[in-house]
Amino acid sequence: MQYWLFKTEPSTYSIDDLKREKTTEWYGIRNYQVRNFLRDAIKIGDIVLIYHSNAEEIGVVGTAVVASDAYPDTEQFKEGSKYYDPKSKKENPSWLSRDISFVSQFPEIVLLADLKKEKTLKNMLILRPGNRLSITPLKEKEFKHILTLAQKNKAC
DNA sequence: GCCAACGTTGGC
DNA sequence: GCCAACGTTGGC
Numbered sequence: 023m024q025y026w027l028f029k030t031e032p033s034t035y036s037i038d039d040l041k042r043e044k045t046t047e048w049y050g051i052r053n054y055q056v057r058n059f060l061r062d063a064i065k066i067g068d069i070v071l072i073y074h075s076n077a078e079e080i081g082v083v084g085t086a087v088v089a090s091d092a093y094p095d096t097e098q099f100k101e102g103s104k105y106y107d108p109k110s111k112k113e114n115p116s117w118l119s120r121d122i123s124f125v126s127q128f129p130e131i132v133l134l135a136d137l138k139k140e141k142t143l144k145n146m147l148i149l150r151p152g153n154r155l156s157i158t159p160l161k162e163k164e165f166k167h168i169l170t171l172a173q174k175n176k177a178c
């Protein structure tokens with residue numbers, strides 16, 4: 023079992039959208055390192071934290087589970103799509119997607135500002151300045167710690 | 001293959 | 001809206 027953090031801009035796709043759709047194609051990955059995570063490292067059944075970036079409230083908002091193997095990103099072939107890539111050929115697609123399924127939405131967002139206060143999380147990749155990967159691996163310890171923070175919020 | 005210019009990400 | 005950090009592009 024592995025843990026991952028998936029970033030999304032809620033104005034584009036939020037935890038609410040995922041909750042409504044239940045399962046979605048996680049498309050639009052246009053970074054080779056992240057593409058390789060999707061292809062090689064990520065497995066069906068891995069647990070995902072959903073993170074809202076570039077938003078009024080930045081932080082972790084819920085959990086999901088990886089629900090498919092990697093397959094060609096459907097947007098890369100759609101002319102006019104923001105994610106259209108004319109260099110990508112159907113017989114050798116550049117970009118991959120996986121499906122993820124909604125698991126839970128936290129009662130309250132766990133804010134980035136609060137994550138930064140936690141010693142346990144100080145090595146978490148998302149907190150590293152300049153980190154721009156939209157998917158990052160999480161240690162089990164980090165994942166569980168964030169769940170604990172989410173539970174604490176509920177108690178307040 | 002180097003590297004400057006440019007574009008994008010993402011927190012503030 | 002600003003800007004630092006970083007990836008990508010393209011001329012040489």
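Position in the first sequence (from 1) plus 22 gives the number in my numbering. For glycine and all other residues, C-beta sits at the position ideal for the given N, C-alpha and C.
Check, Outcome
"Considering only their Cβ atoms, is the gap separating R120 from V88 smaller than 8 Å?", "yes"
"Helix, strand or coil for R120? Go by DSSP, reduced to three states.", "strand"
"Does the Cβ of A172 have 16 or more other Cβ atoms within 10 Å, making it buried, or fewer, making it exposed?", "buried"
"Return helix, strand or coil for Y49, following the three-state DSSP convention.", "coil"
"Please state the DSSP three-state secondary structure of Q24.", "coil"
"Could you tell me which uninterrupted alpha helix (DSSP H) segments, each at least 4 residues in length, are contained entirely in the stretch 40-114, listed from first to last along the chain?", "54-58"
"From this set, Y49, N175, Q55, which residue's C-alpha is nearest F128's C-alpha?", "N175"
"Is K141 helix, strand or coil when you go by DSSP?", "helix"
"How close, in whole Å, do the beta carbons of F28 and I131 come, if the pair is a contact with beta carbons under 8 Å?", "Actually they do not touch by this definition, with Cβ atoms about 15 Å apart."
"Distance check for Y93 and K253, CA to CA, integer angstroms please.", "Coverage of the chain is limited to positions 23 through 178, which leaves residue 253 absent and any answer about it impossible."
"Do S123 and T30 have their CB atoms nearer than 8 Å?", "no"
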